[in-house]
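**Student:** Protein chains in written order, with this note's numbering: chain A, 1300 to 1939; chain B, 1300 to 1939; chain C, 542 to 858; chain D, 542 to 858. In this text, a Cβ means the ideal position worked out from N, Cα and C, and glycines have one as well. Since the model is a prediction, treat every value here as computed from it, not as a measurement.
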Amino acid sequence: MATKTRASSEKKKGPGKGSKKKGPEIIRVPETTVEIVSDSGEGAQKCGQIFGAVCAKMGNGAWTVEIIPAEIQPPARSKAGGSGNRVRFGTEEITNWGDATNLVVAFNEQVLLGRIELGALAEDAIVLLDNKWATHADEDIQKEWQGGLKELAKHDYRIVEVPMEEECLKIVEDPRRGKNMFALGLLAWICDRDVDLIRAQIAHQFRRKGEEIYQRNVELMEAGYGWAEKNLDFRIEVPTIPSDVPKVVMNGNEAIGMGAIAAGMELCSMYPITPATSASHYLSEVYDKFGGVVHQAEDEIAAVGVAIGASYAGKVAYTITSGPGLSLKQEFLGLAVMLEVPLVVVDVQRGGPSTGLPTKVEQSDLLTACFGQHGDAPHVVLAPATMEECFHSMITARRIAEAFRTVVIVLTDANLATGVQPYPRPQLDARWQQAPVSLPPVDENVPPYDWDPQTGLSPQRYPGQPGGMYTATGLAHNAWSKVAYDPDSHQLGSQMRSRKIAVLQQTLKPPQVYGSDSGELLVVGWGSTKGAIEEAVDRAQAEGLSVSSCHLTFIQPLQPGLKEIFSRFDRVMTVEINYSDEPDDPYITDENRRRAQLAWVLRASTLVDVDCWSRVPGQPLRPGNILKAIRQRLEMGAKV
Amino acid sequence: MATKTRASSEKKKGPGKGSKKKGPEIIRVPETTVEIVSDSGEGAQKCGQIFGAVCAKMGNGAWTVEIIPAEIQPPARSKAGGSGNRVRFGTEEITNWGDATNLVVAFNEQVLLGRIELGALAEDAIVLLDNKWATHADEDIQKEWQGGLKELAKHDYRIVEVPMEEECLKIVEDPRRGKNMFALGLLAWICDRDVDLIRAQIAHQFRRKGEEIYQRNVELMEAGYGWAEKNLDFRIEVPTIPSDVPKVVMNGNEAIGMGAIAAGMELCSMYPITPATSASHYLSEVYDKFGGVVHQAEDEIAAVGVAIGASYAGKVAYTITSGPGLSLKQEFLGLAVMLEVPLVVVDVQRGGPSTGLPTKVEQSDLLTACFGQHGDAPHVVLAPATMEECFHSMITARRIAEAFRTVVIVLTDANLATGVQPYPRPQLDARWQQAPVSLPPVDENVPPYDWDPQTGLSPQRYPGQPGGMYTATGLAHNAWSKVAYDPDSHQLGSQMRSRKIAVLQQTLKPPQVYGSDSGELLVVGWGSTKGAIEEAVDRAQAEGLSVSSCHLTFIQPLQPGLKEIFSRFDRVMTVEINYSDEPDDPYITDENRRRAQLAWVLRASTLVDVDCWSRVPGQPLRPGNILKAIRQRLEMGAKV
Amino acid sequence: MTHLGCSLLSCGVVDDRHFEMEDYQGAIARWCPGCGDHSILTAMQRLLEEEQLKPEQTVFVSGIGCSSRFPHYMKTYGFHGLHGRAIPAATGIKLERPDLDVFVTMGDGDCCSIGAGHWIHAIRYNVDMVVLLLDNNMYGLTKGQTSPTTPATFPSNTQPYGSYLEALNPLTATLGVTNASFVAQTAEWIPAHLFETLKAAYHHKGFAFVRILQRCPVYTEKIYEDAVRQPDAIEMLIHDDGIHIPDLDEIYKNQIIHDPGNLDEARRLAEPFDRFRLGIFYRNEKRPRYEDLRRLPVRTAEEKVELLNQEFDRYAV
Amino acid sequence: MTHLGCSLLSCGVVDDRHFEMEDYQGAIARWCPGCGDHSILTAMQRLLEEEQLKPEQTVFVSGIGCSSRFPHYMKTYGFHGLHGRAIPAATGIKLERPDLDVFVTMGDGDCCSIGAGHWIHAIRYNVDMVVLLLDNNMYGLTKGQTSPTTPATFPSNTQPYGSYLEALNPLTATLGVTNASFVAQTAEWIPAHLFETLKAAYHHKGFAFVRILQRCPVYTEKIYEDAVRQPDAIEMLIHDDGIHIPDLDEIYKNQIIHDPGNLDEARRLAEPFDRFRLGIFYRNEKRPRYEDLRRLPVRTAEEKVELLNQEFDRYAV
Ligand SMILES: Cc1ncc(C[n+]2csc(CCOP(=O)(O)OP(=O)(O)O)c2C)c(N)n1
Ligand SMILES: Cc1ncc(C[n+]2csc(CCOP(=O)(O)OP(=O)(O)O)c2C)c(N)n1
Ligand code: SF4
Ligand code: SF4
Ligand SMILES: [Mg+2]
Ligand SMILES: [Mg+2]
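1. Evaluate Asp1598 of chain B with the Cβ neighbour count: other Cβ atoms within 10 Å of its Cβ, from every protein chain shown; 16 or more gives buried, anything less gives exposed.
2. Taking C-alpha atoms, which residue in B:Glu1392, B:Ala1898 and B:Asn1552 lies nearest to Leu1715 of chain B?
3. Let's see if you can read the secondary structure: which residues bound the alpha helix (DSSP H) around Ala807 of chain D?
4. Starting from Asn1530 of chain A, follow the alpha helix (DSSP H) in both directions and report where the run begins and ends.
5. Between Ala1596 of chain A and Leu1625 of chain A, what straight-line distance do the alpha-carbon atoms span, to the nearest angstrom?
6. Could you tell me if Ser1866 of chain B is buried or exposed, where buried requires 16 or more neighbouring beta carbons within 10 angstroms of its beta carbon?
7. Among the residues of its own chain, which have a CB less than 6 Å from the CB of Glu1334 of chain B, if the five just before and after it don't count?
8. Return the CA-CA distance between Arg835 of chain D and Leu1710 of chain A, expressed in angstroms with no decimal places.
9. Which of the three DSSP states is assigned to Ala1596 of chain B in this structure?
10. Enumerate in chain order the residues of its own chain whose CB-to-CB distance from Ile1489 of chain A is below 8 Å, with the five nearest sequence positions on each side excluded.
11. Considering only heavy atoms of ligand 8, does any lie closer than 6 Å to the CB of Ser580 of chain C?
12. With Thr1573 of chain B as the anchor, note down where its alpha helix (DSSP H) starts and where it stops.
13. Whose C-beta lies closer than 8 Å to the C-beta of Pro732 of chain C among residues of the same chain, with five residues either side of it excluded?
14. Provide the residue span of the alpha helix (DSSP H) that contains Gln851 of chain C, from first to last.
15. For the alpha helix (DSSP H) that Thr1905 of chain B lies in, which residues bound it at each end?
16. Against chain C, does Gln1629 of chain A count as a neighbour if the rule is that its beta carbon must be under 7 Å from one of theirs?
17. Between Asn678 of chain D and ligand 4, is there a pair consisting of the residue's CB and a ligand heavy atom that are separated by less than 6 Å?
18. Please list the terminal residues of the continuous alpha helix (DSSP H) segment that includes Tyr743 of chain C.
19. The beta strand (DSSP E) that contains Val1706 of chain A, what's its start and end?
20. Verify the contact flag: Pro813 of chain C, CB atom, against every heavy atom of ligand 1, threshold strictly below 6 Å.
21. Starting from the beta carbon of Ile1572 of chain A, find every residue of chain C whose beta carbon is closer than 9 Å, and list them in chain order.
22. Which same chain residues end up closer than 6 Å to Gly1936 of chain B when comparing Cβ atoms and leaving out the 5 residues on each side of it in sequence?
23. Three-state secondary structure (DSSP) at Glu1464 of chain A?
24. Residues in the same chain with beta-carbon distance under 7 Å from Gly1633 of chain A, minus the five sequence neighbours each way, listed in chain order, please.
25. Looking only at its own chain, which residues have a Cβ that is under 6 Å from the Cβ of Arg558 of chain D, when we skip the five neighbours before and after it?
26. Any beta carbon of chain C sitting closer than 7 Å to that of Gln1409 of chain A?
27. Whose Cβ in chain A lies nearer than 8 Å to the Cβ of Tyr680 of chain C?
Laid out in structure tokens, this is it:
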């Protein structure tokens, strides 16, 4: 049990307990998780973003997660209204958001309680709390504050009341617009962050706001730093290991945007939708200089239609969306498959079904990405697992789309989209940029779908090529793109479109097994859960459990060798952020159990009895919870 | 080998071969298939429809299939332009279109050749052919005719040249508008059809055209009858067995329309699309008198939105569409699942992907029907297999939609939609009609989603109920329909929506096995292929092969007991009209093989190595081809 | 009012309830402070109170957007559906239940961008409902993207160097559609005018389309700033058949006398997008309403079975 | 004309090909005999010949419908996409390849019903293309369902007792949209007028919208019957800046002098749906075009890599 420490403003409450002179306690850890949470509009998100970036830039591994309130404008001081950022950073690479927060700065006790109810805090967490509410003019608020403190006392937190409002008032008139920088200063001192780096990061954040704002923010930050130095009796030390590998730090949507630019794509045709939109915000800001455009269409259908038109006429274009938008685009995706027009679609998954949880993570679009188009429409689905893979997936996606003349859906999610992680700076290749379009005349005896009968592949033909005139049509057609309703033409076209994907599959490598090559349990995952799953596997192995994991990048086609890999384990289960019935739920049997989405695909493909453990919390999965599921599944014994 | 018989007009070619006095040869068969084919616009379809209806009304089993040209207005005398109808009828029930035509009336040799190229004719078919082309003013046409006859001579057909044009000219000025009735008369005599019934059917067909047209058509029909009597030396006899069971005869779309009426549904909200539209044509004509409306919306999205709005506010409404429309509706289907608003969706499947084969049959929307919505959106998918099941499926669909507050997708296809089959007249039940909506006041302590925690079921609440005000929302919500982004609420809501479907599954019965309970091969099918599969199984059994079949009505949830049934067979394979790679295709392996859609679902669900044989010919499957596939799979040996 | 679905209503007891403003208040509104949606909500609750609408007989339908949270804040029935698709849902509700009062709230993205097709067609159908466009000239909920009504050169997150196009004018667009029957414009910062406009819309039998100029202090603070501060920036369309609030005469001195029956003139007046003209541009109660065109006979279950048996006779073997 | 995608074009040799009508003829048209689409096809092929458009530099884009088979019958590039979605595809083609001439053909269901949202927005974008509405007042390909432009009371398979609503007027709808730049109407049975209208549309820089009255002898024979037989049923809008074909003066004596620069008047003239007014209703070349607003710098691959590296610097650890 940690000792509760109550530091307070010298001015008001007299000198703090114990003398500061003997130097603060140093809590030295390989990693820690810090959270800052406020009412929405008080800037905790900015504070967290800067803090996270600074951690990364100092050479720590890091992973940040946004804390987003449920409402557009939640009422002040409400449990559901907490807004902010959570930063996990460590000496080594950090691959996920972890289990719980070790240090939290909260602007009021209500948002803090909200976080506690969600299980966000470690039982021994250190809590820094603005104490202005104790003396608030509104008596109801004073009462709430008292009640809140009582609630907090039930836990083993180390609570530090900080006169944040009071201190900020010394510098600014409206502390609502400054407390976040003060908090940043607190954290900076506690975690010994590089103050120059912080200043630079503040400058970047407020680059459009002018010098005065910058100065005031720095002053506030420094005030927080100074106050902490004077009043706190602990510091947290997370060492960094110097590294020669140059790194960049960004969120997954920025990585997608940069990946698209690196891949030489020039038209992002989209319609705004959370959590995909920020990728297009990024692009809108910078694309001009690359000769690229963001076309905001009147709706998702038009967005994908414009992209397909552009791809038909020239370079591969792409569209970025989220679940509801993907549903709307399905008809056009089928057309692109039928016309064999290359297309890249990014689906930044959020909670579903329907409008669901627009700002929150989920992995429930996998099946619709694979099968959402009417008719037989073979295409490609892949899923990056990290910010780095977000970047590279766009380059892969363009190349596959073009080489195989098909649709490539890239599945990311809200966790990747808004989280920030440093990763090795990509080495750019000018060849990725290359325009595929040249317009040589065409031999009139070559049909526009000059399918290789073995592979189904054929070169794309573009308007402007003399002699090559043809009409692309979504109707069944023969190699000449002539409408053909006879059985043989349709069978052949269907076969050619399917064959390509089989050929692509043959170029893929089997996935790597993380951990031992065989054992009692294999955990299979896809997308943003990779870090959490591998951390859980590490911990399980440390406990002596016989567990490995395996993360899939290609969902359609699946990578080869899965059945063989699965056969080496007694039991296989997927871990996913989508819904599945638990085997022991009422009315649930092996026959009617709804299974997690990847599990379903793997069962059909490998005929292995792939089990699943999945949840839809609207949050990333925690390694600790995955670990529990692993233990529980192992207790159930072999199943394969 | 059948003897070729050439009958011809007495006037022109002198007396026919042999004397007619000794009475015609009687070809007595348990069933036969008759086809009439013309240029489009010459009315062969009407002729076939009347003929089919008359066969059914005389007490024969029957199944008709439309012959539809590829083009809106194909050029005259072109192979791809044949339009008409194919009628298979027999002493016993007829469940599918069979393999090949035994008797064909063709208006020109080109459309006939087109049919032959498609393999439509039995090798010993009898062919009646208008011979006006032999003396056509256009020499090119004369040449084509000669070439055509040469082509025909390569086969073993019994060819009868009929001076159709010439005979019709005696009655009408433009034989294009009359030859079809003459042909009807020919067929009537050959197959000994009841002429009074034919007259009645002509009256029904032309009920809006007036007495004169009726009279002229009857005269033409009688002329054909008389000509045949005088000139032909064979008749075909397909005995009928008198039956007490009252029957009705109609196509699947009419059955869907009547089923909707019988189910008490009153709003069909649709957007035109082939082959679904004719259902709404039927409804538009009669719905008024039932107090129902067909709302033709501005697009498919609005169509389903209007239906959901109506279902939310009162009675279950429905929408009827085909593949492209289903793709467009997916977002709204997810909303209905989320709001737990009951909804019935009929998808009359056609060839895909994309616009594909708009008038032709396919079964390739199964996976998108199950998984086409983003997010986890559990709902029901069922598939009638016959015209009769089309009717009853609408009653079932409404009841499930309402009782389980969910979306029910009914998958039919172009084969069911346009084919005609007699079936036992349904006994209507006034209780099916009952309005579920009453508007009693609501206890304010009961939430709008008053989920039974075990089953997930809750009663629907309607605007107008005092005290029950709530806002239905597509956002994640709790039982009070309040927006709730916390992990528990979303997990619970997801669970409740899934649980209902599991509960429904527990009420279903295992499917029946057709044939022996165990054996070497089990063929599994769904939808309109039932008759063809069972006929193939019958024939295979007659050959001594150990084959049974099993036809599924529920696709989501699946009926219970499948794994157990499958375990009794050495090998299981589905037969479907959608695309699958053949196992021995180039580049195809067990890992990357694209499998037929039901096979995929069954593999995931049962972990049995369900094989498949599927084709996308844009036509119903032929029992003979299925039989071949059965033989071939049995040669490959056991696989389970 | 007679309808299969709600037969119980017709045999109800006399209803002597009286409703206060609070009776129409649902969840606490979660819009930003200073958001114009707040005053629209208040005006709406006032209207319901003044008209003594039964909460259970009233349905608010919306799409997705800040503005589309509206139904949650009313204590009536509500349908918070899909982005851009409020109108089809509302149409279904009204077709099924003509006894209900249906109100639709949409944002400018909702109505004029993704929902444009439904909007155009709903004007044609002229189904009896009140349809409000809460126009803040921006995508609010998704945090600041250009909408069709964003003024040219105004920056957003997707067009950070300024909106490319001239704004779409929702009034001329509506007035261009055959069968338009009620088109008005008001501003949420003039509560009296807002209220009278909502009231006129409510009393119009048909599709009553009201564009409400709505401030969004977060993303488009500048756009209506002048109009709010300088009453002279506003031109009031007044007429005996339109809206005329004498109390406002002193403040809003720019007045145009306009007969709402005059379509040509309405289109002319609606044309300039940069002029804030408030009032009823067009009203015509004689336009056919879709639901009237297809009013149906109501049959008992037994009658329907009988009729369907007659249908079967036609198809009998 | 400079564009990344087609750099090869700019270094091509001098092109001295001459094209005849036949050079523009694709597959044999499969419309019904007497279908008005045939004469539109002929007029279009004449236009291409007169303008000597290069077949490979011309793209016909369509949706789904009888009218949408158009591209198949041209020997140019073609894109026969989805019902209602011709315009987004055409927009993408033109954004990517401004060097191409883009023509769009749509049916009345295609354009005004399922495609209405795209249509409205395309008028706003004002992307340079020729957009033809082949209006037979009916769904042709799906065999006779009511379309938005079906006249009231005219029967169809979905409204067998007559169309419920007054027809939507595509001209007033178009003219109601901000940034409309070219709106004309012609009839396929007056080849000279059809041709001149297509020509004017082609020469307009911007979104040139032409509604073509089109006969469908199968489903709507009656609708244009009178107008075809009685030239007096037609009113020609003539002007020096518009279309005036002196040869037709003798036949079409009803003439209205109308300046296509006058928007108010254009709307007034477009209003009555039952009057067949042919000519250019509105033309304004000064309207901004979306593609001009966003003309972009063209970079080499190396420049882009360099720039992206600068971006990475901003994000460097
Ligand atoms: C199909 C779909 N596309 C996009 C979105 C994302 N989205 C939610 S609200 C909104 C626009 C909001 O703008 P507006 O309609 O003007 O309403 P406001 O928030 O400004 O009131 C968008 C694009 C969505 N929810 N669904
Ligand atoms: C998404 C979708 N919905 C419906 C259809 C069916 N459909 C094909 S063409 C058409 C309408 C044809 O009418 P119109 O656009 O007026 O063209 P026309 O045939 O009259 O030239 C429809 C509804 C389709 N192909 N795709
Ligand atoms: S973002 Fe704008 S429109 Fe949305 S609630 Fe806030 S102020 Fe209102
Ligand atoms: S149905 Fe009508 S529009 Fe279609 S091709 Fe025939 S005549 Fe032309
Ligand atoms: Mg808005
Ligand atoms: Mg049409």
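**Tutor:** The structure says:
1. Taking the second sequence and counting its residues from 1, the one referred to as residue 1598 of chain B is at position 299. Buried: at least 16 other Cβ atoms inside 10 Å.
2. In the second sequence, counting from the first residue as 1, residue 1715 of chain B sits at position 416. Of the listed residues, the one whose Cα sits closest to Leu1715 of chain B is B:Asn1552.
3. Here residue 807 of chain D corresponds to residue number 266 of the fourth sequence, with the count starting at 1. Per DSSP, Ala807 of chain D belongs to the alpha helix (DSSP H) from Leu804 to Ala811.
4. Here residue 1530 of chain A is taken as the residue at index 231 of the first sequence, counted from 1. Note, Asn1530 of chain A: alpha helix (DSSP H), Glu1510 to Asn1530.
5. The count along the first sequence starts at 1 and reaches residue 1596 of chain A at position 297. The count along the first sequence starts at 1 and reaches residue 1625 of chain A at position 326. Each residue's alpha carbon lies about 15 Å from the other.
6. Locating residue 1866 of chain B in the second sequence gives position 567, counting from the first residue. Counting Cβ neighbours within 10 Å, Ser1866 of chain B comes out exposed, since fewer than 16 surround it.
7. The residue labelled residue 1334 of chain B in the question sits at position 35 within the second sequence. Only Arg1385, Thr1400 and Val1403 meet the Cβ criterion.
8. If you number the fourth sequence from 1, residue 835 of chain D lands on position 294. If you number the first sequence from 1, residue 1710 of chain A lands on position 411. Their backbone Cα atoms lie some 30 Å apart in a straight line.
9. Indexing the second sequence from 1 puts residue 1596 of chain B at position 297. DSSP places Ala1596 of chain B in coil when its eight states are reduced to three.
10. By one-based count along the first sequence, residue 1489 of chain A stands at place 190. Excluding residues within five positions, the ones whose Cβ falls inside 8 Å are Leu1402, Ala1527, Leu1531, Phe1533, Arg1534 and Ile1535.
11. For the structure depicted, ligand 8 is absent and the ligand set comprises only ligand 1, ligand 2, ligand 3, ligand 4, ligand 5 and ligand 6.
12. In the second sequence, counting from the first residue as 1, residue 1573 of chain B sits at position 274. That residue, Thr1573 of chain B, is in no alpha helix (DSSP H); it is neither H nor E in DSSP.
13. Residue 732 of chain C sits at position 191 when you count from the first residue of the third sequence. So the qualifying residues of the chain are Ser580, Thr583 and Ala584.
14. Reading the third sequence from its first residue, position 310 is the one you call residue 851 of chain C. Per DSSP, Gln851 of chain C belongs to the alpha helix (DSSP H) from Ala842 to Arg855.
15. For the purposes of this step, residue 1905 of chain B is taken as residue 606 along the second sequence, with counting starting at 1. It spans Gln1896 to Thr1905 - the alpha helix (DSSP H) in which Thr1905 of chain B sits, taken as one unbroken run.
16. What you label residue 1629 of chain A is simply residue 330 of the first sequence in a count that begins at 1. It does not: the Cβ of Gln1629 of chain A has no partner Cβ on chain C nearer than 7 Å.
17. Stepping through the fourth sequence from its first residue, residue 678 of chain D is reached at position 137. Asn678 of chain D: no, Cβ never under 6 Å from ligand 4.
18. Here residue 743 of chain C corresponds to residue number 202 of the third sequence, with the count starting at 1. It spans Pro732 to His744 - the alpha helix (DSSP H) in which Tyr743 of chain C sits, taken as one unbroken run.
19. Locating residue 1706 of chain A in the first sequence gives position 407, counting from the first residue. It spans Val1706 to Asp1712 - the beta strand (DSSP E) in which Val1706 of chain A sits, taken as one unbroken run.
20. Within the third sequence, numbered from 1, the residue matching residue 813 of chain C stands at position 272. Because no heavy atom of ligand 1 lies under 6 Å away, the Cβ of Pro813 of chain C does not count as near it: no.
21. Here residue 1572 of chain A refers to the residue found at position 273 when the first sequence is read from its first residue. Under the 9 Å cutoff, chain C gives His624 and Thr683.
22. Residue numbering aside, residue 1936 of chain B sits at position 637 when the second sequence is read from its first letter. Hits under 6 Å: none found.
23. The sequence position of residue 1464 of chain A within the first sequence is 165, counting from 1. If DSSP states are grouped into helix, strand and coil, Glu1464 of chain A belongs with the helices.
24. Start at 1 with the first residue of the first sequence, and residue 1633 of chain A comes out as number 334. Taken in chain order, the residues that qualify are Gln1672, His1673, Gly1674 and Ala1676.
25. Translated into the one-based positions of the fourth sequence, residue 558 of chain D becomes position 17. Cβ within range, chain order: n/a, list empty.
26. One-based indexing of the first sequence puts residue 1409 of chain A at position 110. Cβ-Cβ to chain C under 7 Å: no for Gln1409 of chain A.
27. For the purposes of this step, residue 680 of chain C is taken as residue 139 along the third sequence, with counting starting at 1. Chain A residues near Tyr680 of chain C: Pro1571.
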